[in-house]
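Going by the working numbering, 102 is the number at position 64 of the sequence shown; the sequence numbering is gapless.
Ideal Cβ placement from N, Cα and C applies to all residues, glycine included.
Note that the structure is a prediction, hence the values are computed from the model and not measured.
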Amino acid sequence: MGVQYEARIFQRESVFLVKNSLALVNETISRLTLLRSRIQLALVMRALVMMLMSNEPPWMPTASAPPPLLSHGPWAKRVCFRP
């Protein structure tokens, strides 16, 4: 009976260790997922700050690339207002 009792205790302890290991793996995965989303958010925030701090934001025309004229192109008849 002593051997069977020790085998049951060993089995319970093994199940307990496996459950704890799975819990640790799940917690690690959730923390890594949270870390990944925080890193992505930090990269987006950094890009926004860099865009706002630059001298010429991307939505403004630059001297080397002026905006296209509205009087040229397929939209000229609809958009161009001439006196």
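{"Asked": "Please work out which residues of its chain come closer than 7 Å, Cβ to Cβ, to Glu44, disregarding the five sequence neighbours upstream and downstream, and give them in chain order.", "Found": "none"}
{"Asked": "For Ser92, which three-state DSSP category applies?", "Found": "coil"}
{"Asked": "For Ile47, which residues in the same chain have their Cβ closer than 8 Å to its Cβ, ignoring the five residues on either side in sequence?", "Found": "none"}
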